[in-house]
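Let me begin by presenting the structure, written as structure tokens, before commenting on it.
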Amino acid sequence: MKFLRIGKEGQEIPVVLDKDGKYRNLSSIIKDLNPESINFENLEKIKNTNLESLEEINQNERIGSCISKPGNFFAIGLNYVEHAKETGAKTPENPVLFNKSVHSIIGPNDNVIIPKTSKKLDHEVEIAFVIGKKAKRVLEKDAQDYIFGYCICNDISEREWQKEKGGQWVKGKSGDTFGPLGPYLVTKDEIQDVNNLNLMLDVNGHRRQTGNTNQMIFNFNFLVAHITSFITLMPGDIVTTGTPPGVGLGMSPPVFLKDGDNMELSIDNLGKQNLKVLAE
Numbered sequence: 009m010k011f012l013r014i015g016k017e018g019q020e021i022p023v024v025l026d027k028d029g030k031y032r033n034l035s036s037i038i039k040d041l042n043p044e045s046i047n048f049e050n051l052e053k054i055k056n057t058n059l060e061s062l063e064e065i066n067q068n069e070r071i072g073s074c075i076s077k078p079g080n081f082f083a084i085g086l087n088y089v090e091h092a093k094e095t096g097a098k099t100p101e102n103p104v105l106f107n108k109s110v111h112s113i114i115g116p117n118d119n120v121i122i123p124k125t126s127k128k129l130d131h132e133v134e135i136a137f138v139i140g141k142k143a144k145r146v147l148e149k150d151a152q153d154y155i156f157g158y159c160i161c162n163d164i165s166e167r168e169w170q171k172e173k174g175g176q177w178v179k180g181k182s183g184d185t186f187g188p189l190g191p192y193l194v195t196k197d198e199i200q201d202v203n204n205l206n207l208m209l210d211v212n213g214h215r216r217q218t219g220n221t222n223q224m225i226f227n228f229n230f231l232v233a234h235i236t237s238f239i240t241l242m243p244g245d246i247v248t249t250g251t252p253p254g255v256g257l258g259m260s261p262p263v264f265l266k267d268g269d270n271m272e273l274s275i276d277n278l279g280k281q282n283l284k285v286l287a288e
């Protein structure tokens with residue numbers, strides 16, 4: 009199933025696509041797509057509902073982030089060999105795990121704002137997974153049982169803050185608009201092979217990033233097992249899983265996002281994002 013949230017900021021309602029691609033209002037079943045409602049019991053309830061009986065929603069409305077108020081927003085760094093090389097980093101032997109602020113989350117077509125003190129804003133097309141039930145010390149072979157679905161994440165990164173300001177990466181990854189998510193939260197059954205999905209990102213119509221999840225150093229199942237050996241993940245928690253090569257930092261010379269730029273992101277089965285970059 010494909011879920012999304014529709015409406016003005018702060019007033020979004022949960023929506024599901026029916027078999028004809030029409031938007032259907034889920035408000036009679038769940039109040040939102042958030043940690044309270046993202047679970048496999050509600051998924052079964054929705055699957056057993058006649059979606060055509062639900063109110064149809066105008067598809068021209070704003071699309072919000074595909075999840076609201078997650079407890080955690082984790083990210084994996086340097087998870088594609090060529091991306092590690094282009095940034096001058098050593099290929100990791102274990103996953104690089106860091107936080108993004110949950111307050112960085114915006115919709116898939118909202119504006120990305122360059123903060124006043126930012127000089128090196130960059131883009132990263134990624135696939136995120138969302139947890140559907142409490143996950144603690146999960147075995148790799150069981151990992152998919154804990155994943156509710158997948159979505160596009162643009163891991164917006166301020167490279168000066170990330171690399172030159174000391175401490176951990178979180179400060180360069182957590183600006184107010186640094187986490188566009190969606191449009192869709194897509195359940196596993198909609199994806200034939202999650203380890204063979206193409207990722208693409210264009211800036212102003214020019215291709216910057218191209219990759220495939222078969223190039224990931226650490227795949228989705230390994231990441232679930234690895235993270236939950238240290239941290240308990242809860243329903244609604246997000247983990248975005250790393251970016252392929254082609255980021256601005258890796259260009260020679262580096263090319264960072266500027267006022268007026270337009271980013272288009274696309275991932276097989278997960279939809280598209282279209283984001284305008286504006287100076288604060």
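So for the sequence shown, the working numbering puts the first residue at 9; every next one is plus one. Think of the CB as a built atom: it goes at the ideal place given N, C-alpha and C, for glycine as much as any other residue.
Query                                                                                                                                                                             : Result
Taking 8 angstroms as the line, does the beta carbon of residue 159 fall inside it for any heavy atom of the ligand GDP?                                                          : With respect to the ligand GDP, the structure shown offers nothing to examine, as it has no ligands at all.
Based on DSSP bridge pairs, tell me the residues matched to residue 136.                                                                                                          : 159, 248
Which runs of the alpha helix (DSSP H) fall wholly inside the region 194-279 and span at least 4 residues, in chain order?                                                        : 228-236
Below 7 angstroms CB to CB, which residues in the same chain sit around residue 22 once its five sequence neighbours on both sides are set aside?                                 : 11, 13, 34, 35, 38, 40, 41
Mind checking who residue 104 pairs with in its DSSP beta bridge?                                                                                                                 : 85
Using DSSP's beta-bridge definition, name the partner residues of residue 281.                                                                                                    : 273
Residues in its own chain within less than 6 angstroms of residue 177 by CB, not counting five upstream and five downstream?                                                      : 106, 170
Leaving out five residues before and five after residue 85 in sequence, what residues of the same chain have Cβ atoms less than 7 angstroms from its Cβ?                          : 104, 106, 177, 250
Closest to residue 149 by CA distance: which of 201, 209, 219, 229 is it?                                                                                                         : 229
For residue 238, which of 145, 267, 80, 83 has the nearest alpha-carbon?                                                                                                          : 145
Since I believe residue 277 is in contact with residue 205 (beta carbons under 8 angstroms), could you give me their beta-carbon distance rounded to a whole number of angstroms? : 7 angstroms
Use the C-beta contact count for residue 131: other C-beta atoms within 10 angstroms, 16 or more gives buried, fewer gives exposed.                                               : buried
Residues in the same chain with beta-carbon distance under 6 angstroms from residue 108, minus the five sequence neighbours each way, listed in chain order, please.              : 81, 83, 181, 182, 187
Does the Cβ-Cβ distance between residue 52 and residue 26 come in under 9 angstroms?                                                                                              : no
Report the residue from 192, 213, 122 whose alpha carbon sits nearest the alpha carbon of residue 287.                                                                            : 122
Between residue 207 and residue 200, is the Cβ-Cβ spacing less than 9 angstroms?                                                                                                  : no
Look at the Cβ atom of residue 91, then the Cβ atom of residue 252, and state whether they are nearer than 9 angstroms.                                                           : yes
For the beta strand (DSSP E) that contains residue 33, what are its first and last residues?                                                                                      : 31-33
So for residue 48, helix, strand or coil by DSSP?                                                                                                                                 : helix
Looking only at its chain, what residues have a beta carbon closer than 7 angstroms to the beta carbon of residue 175, apart from the 5 residues adjacent to it on each side?     : none
Excluding the 5 residues flanking residue 227 on each side, which residues of the same chain have their C-beta closer than 7 angstroms to its C-beta?                             : 203
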